[in-house]
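Visitor: Going by our numbering, the first residue of the sequence shown is number 1305, and it counts up by one from there.
Even for Gly, the Cβ is constructed at its ideal location relative to N, Cα and C.
Since this is a predicted model, take the numbers as computed values, not measurements.
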Amino acid sequence: MCGIVGFIGSQQAYPILIKGLKRLEYRGYDSAGVAMIENQQFNQYKCKGKVADLESLVKGKDVDGTVGIGHTRWATHGVPNDVNAHPHLSGDGQLALIHNGIIENYATLKEALIEDGHVFKSDTDTEVLVHFIEDIMAKTGSDLFEAVRVALCEVVGAYAIVVMDRRFPDRLVCAKKSSPLVIGIGTEGDYFIASDATPFIEYTKNVVYLEDEEVALIDRHSGLKIVTIQNQQKDPYIQELEMKLEAIEKGGYDSFMLKEIHEQPRSIYDSIRGRLNLNHGMLKMSGIDRHEEIWMNANRIIIVACGTSWHAGLVAEYLFEEFARIPTEVEYASEFRYRDPIIQPGDIVIAISQSGETADTLAAIELAKDKGAFIFGVCNVVGSTISRATHSGAYTHAGPEIGVASTKAFTAQVAVLYLIALSVADKRGTITKERLHRLMAELTSIPDKVEEVLKTNAQVETIAEIYKNHRNALYLGRGYSFPVALEGALKLKEISYIHAEGYPAAEMKHGPIALIDEEMPVFVIATQGHSYEKVVSNIQEVKARKGKIIAIVTAGDKTVSELADHSIEIPKTDDSLVPIVSVIPLQLLSYHVAVMRGCNVDQPRNLAKSVTVE
Ligand code: F6R
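Following this line, the structure appears as structure tokens:
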């Protein structure tokens, strides 16, 4: 939700800011803006639309300045338009501020500021914050750094901000709470600030992740200083980044989503690499091993997550119950956090999040922690807020996921949750060694099987052509394939804007069957395994009502292939691993339908990659 970037140093800021904004555009893309300081004046430009629109606006204009800030927005307060775009200026025009998050008490602050004579141009909470900082500076005579600190003591909500004062072009001030912010320390006195490290990875690998309620002053002459909003001095903790530039580029693909779909053989391999060694019969999950006692005594697992990560959690429910025999519940983080959930001794809460920044998941973690639960995180982004808020965890190692629709993160999450379930089952003695080794071997073969499924791309594209103009679609699956049905439907609706629903196949007769006619495409995961015959019956029910069946079947299957209008073959694997393989054609299908409908697959409307507001 909103990408923010700042630069101060020896180079021109604008080229760094605009390139950085393009890399952060996955976080929000309804308006964008930049401001640089030159001769104690702002060169400021902002507009509705994407970063490319901002670039066109700025063409030929004065963009000089070796200090500056930039923002790409996902609107919360106020519609996306030029005025609401960031940066926002203080009333006296001396300060410029960019913000990611929500200032929850902005209305109260605004009322008081209006009484004091402040006039606002936008509908945003951000403009209130910059006026509030200006007000503190005027009333107390403090400098920007101190005024930001004092202001943030009064602020309720989430923020990552960067502020500059045009009278002091040697300084930038930034701060964060519940929204991410990282500072890159370059050579020759260059400093970068951004929502994630992607804007500056070609310049430096040395980074400081700001903690919640920390305020940083970056001064060209004296360097970096960090204090908490309670005014305690902090020593900057410099870490080395592992991210590579290639990982955040499209690498010859038309979109990040297509690239990320095709990366899955590699990303799944990376998620299991080093954790599983067939030759030595080794299965090592250090986050589990370190807390063996807790897992041995677990009475219940509660999984909290949102969206696609919640679907991965649903797969994990089956895995934990089947292999580790631990009762498991899967909760939407947004619901869990506002109930008064019962947490008992022996409960483990697993939080799943690609970004590691999702506000609802983070709040669910804090609530469960307060109630005494042990929290285990499954995150993709190393060093993210959620990964730091948990007691232990496992990274998915899928590499940066930039397409807004999650693809490789899902398969990596399921692979890691699979390893966790097997590891816990092994420790608790709920799985035989023979079965454990067979499943480990099968998991090892999954990257190759996914590679095989990617070869169905041309066939999937043909099917997409046939159904691209339909207005609705149903997705059905049973057992391990039910979460895949939900995920297939989510992928279609979020990037092609076609209404789609996922259901457990048997549930169809309790309502959704009324929707079926010759206009309704029904995607069914009908692989051979536990409930194959039952799914075949469900397919018959759809056919009897003239629905169109597009089935994902096990290679060589005759029964379903004869019944279905189209069938896509995937290699045979254990039921428990089908989700990782069967989701691939559904991802490809959504991608092709969206492209054929002229949709922007990487930046679907109204969405953003990292949902840091509730
Ligand atoms: C869908 C999608 C979202 C995310 C959800 C949670 O394609 O990407 O539904 O899965 O916003 O995000 P994370 O996993 O970052 O917590």
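List in chain order the residues whose CB is within less than 5 Å of at least one heavy atom of the ligand F6R.
Guide: Answer in sequence order: 1610, 1611, 1612, 1613, 1657, 1658, 1659, 1662, 1709, 1710 and 1915.
Visitor: Please give me, in chain order, every unbroken run of the beta strand (DSSP E) with length at least 3 that falls completely inside the region 1552-1637.
Guide: The region 1552-1637 contains these whole beta strand (DSSP E) runs: 1604-1609 and 1632-1636.
Visitor: Along the chain, where does the alpha helix (DSSP H) that runs through residue 1433 open and close?
Guide: Here the alpha helix (DSSP H) through residue 1433 covers 1429-1444.
Visitor: Leaving out five residues before and five after residue 1685 in sequence, what residues of the same chain have Cβ atoms less than 6 Å from its Cβ?
Guide: So the list reads 1659 and 1660, once near-sequence residues are dropped.
Visitor: Three-state secondary structure (DSSP) at residue 1450?
Guide: Correct three-state label for residue 1450: helix.
Visitor: Which residues does DSSP list as the beta-bridge partners of residue 1346?
Guide: Note: residue 1346 sits in a beta bridge opposite 1341.
Visitor: Cα separation between residue 1615 and residue 1664?
Guide: Looking at the two C-alpha atoms, the distance is approximately 16 Å.
Visitor: Suppose you measure from the CA of residue 1422 to the CA of residue 1455; what does that come to, to the nearest Å?
Guide: Taking the straight line from one Cα to the other gives about 16 Å.
Visitor: What do you get for residue 1542, buried or exposed, if any count of 16 or more other CB atoms within 10 angstroms of its CB means buried?
Guide: Residue 1542 is exposed by the Cβ-count criterion.
Visitor: Check the DSSP bridge columns for residue 1475 and list the partner residues they point to.
Guide: Paired residue(s): 1523.
Visitor: Based on Cα-Cα distance, which residue from 1826, 1845, 1618 and 1797 lies nearest to residue 1725?
Guide: Considering only alpha carbons, the answer is 1618.
Visitor: Let me know the secondary structure DSSP gives residue 1394 once reduced to three states.
Guide: Correct three-state label for residue 1394: coil.
Visitor: Could you check whether the Cβ of residue 1589 sits closer than 8 Å to any Cβ belonging to chain D?
Guide: Going by chain labels, chain D is absent from the structure shown, which holds only one protein chain.
Visitor: Taking only the alpha-carbon atoms, compute the straight-line gap between residue 1875 and residue 1861 and give it to the nearest angstrom.
Guide: Their Cα atoms are separated by approximately 10 Å.
Visitor: Using 10 angstroms around the beta-carbon of residue 1412, count the other beta-carbons present and answer buried if the total reaches 16, otherwise exposed.
Guide: By the 10 Å Cβ count, residue 1412 comes out exposed.
Visitor: Throw me the rounded Cβ distance for the residue 1921 and residue 1393 pair, which I believe falls under 8 Å.
Guide: An answer regarding residue 1921 cannot be provided, because it is not within the stretch 1305 to 1918 covered by the chain.
Visitor: If you pair each beta-carbon of the region 1567-1578 with each one of the region 1529-1537, do three or more pairs fall below 8 Å?
Guide: The region 1567-1578, when compared against the region 1529-1537, does not touch it at the 8 Å Cβ threshold.
Visitor: Determine the direct distance from the alpha carbon of residue 1597 to that of residue 1649, and round the result to whole angstroms.
Guide: In a straight line, the C-alpha of residue 1649 is about 13 Å away from that of residue 1597.
Visitor: With which residues is residue 1510 paired in a DSSP beta bridge?
Guide: Answer by DSSP bridge pairing, in chain order: 1544.
Visitor: If you count every other CB in all the chains shown that lies within 10 Å of the CB of residue 1770, and 16 or more means buried, which is it?
Guide: Counting Cβ neighbours within 10 Å, residue 1770 comes out exposed, since fewer than 16 surround it.
Visitor: Throw me the rounded Cβ distance for the residue 1687 and residue 1513 pair, which I believe falls under 8 Å.
Guide: Indeed they touch by this definition, with Cβ atoms about 5 Å apart.
Visitor: Distance, Cα to Cα, residue 1311 vs residue 1463?
Guide: Going by the C-alpha atoms only, they are around 19 Å apart.
Visitor: Let's see if you can read the secondary structure: which residues bound the beta strand (DSSP E) around residue 1807?
Guide: Run containing residue 1807: 1803-1808, per the beta strand (DSSP E) assignment.
Visitor: When the distance is taken between beta carbons, is residue 1551 closer than 8 Å to residue 1703?
Guide: Closer than 8 Å, so yes.
Visitor: For residue 1297 and residue 1828, what's the separation of their Cα atoms in angstroms?
Guide: Because the chain in this structure spans residues 1305 to 1918, residue 1297 falls outside the shown range and cannot be described.
Visitor: Find out if the Cβ-Cβ distance for the pair residue 1856, residue 1830 is shorter than 8 Å.
Guide: Going by C-beta atoms, residue 1856 is nearer than 8 Å to residue 1830.
Visitor: I need the straight-line Cα distance from residue 1424 to residue 1573, nearest angstrom please.
Guide: Their Cα atoms are separated by approximately 53 Å.
Visitor: Taking only three categories from DSSP, how would you classify residue 1761?
Guide: Residue 1761 falls in the helix class under three-state DSSP.
Visitor: Note down the Cα distance separating residue 1479 from residue 1358, rounded to an integer number of angstroms.
Guide: Using only the alpha carbons, I get a separation of about 25 Å.
Visitor: Run the CB neighbour count on residue 1326, radius 10 Å, all protein chains shown included, and call it buried at 16 or more, exposed below.
Guide: When all chains shown are included, residue 1326 counts as buried.
Visitor: Can you tell me where the alpha helix (DSSP H) with residue 1414 in it begins and where it stops?
Guide: Note, residue 1414: alpha helix (DSSP H), 1410-1419.
Visitor: Give me whichever residues DSSP pairs with residue 1712 in a beta bridge.
Guide: Paired residue(s): none; residue 1712 is not in a bridge.
Visitor: Can you list, in chain order, the residues of its chain whose CB lies under 6 Å from that of residue 1734, leaving out five sequence neighbours each side?
Guide: If we look at residue 1734 and ignore the five residues flanking it on each side, its Cβ neighbours are 1628 and 1629.
Visitor: Evaluate the contact criterion for the region 1761-1769 versus the region 1882-1901: three or more CB pairs, one atom per stretch, below 8 Å.
Guide: The answer is yes - the region 1882-1901 touches the region 1761-1769, with three or more Cβ pairs under 8 Å.
Visitor: Using 8 Å as the cut-off, can you tell me whether the region 1508-1523 makes contact with the region 1534-1548, which would need three or more C-beta pairs spanning the two stretches below that distance?
Guide: Touching, yes, given that three or more Cβ pairs across the two stretches are closer than 8 Å.
Visitor: Between the Cα of residue 1315 and the Cα atoms of 1496, 1695 and 1791, which residue gives the shortest distance?
Guide: Minimum Cα distance to residue 1315 is reached at 1496.
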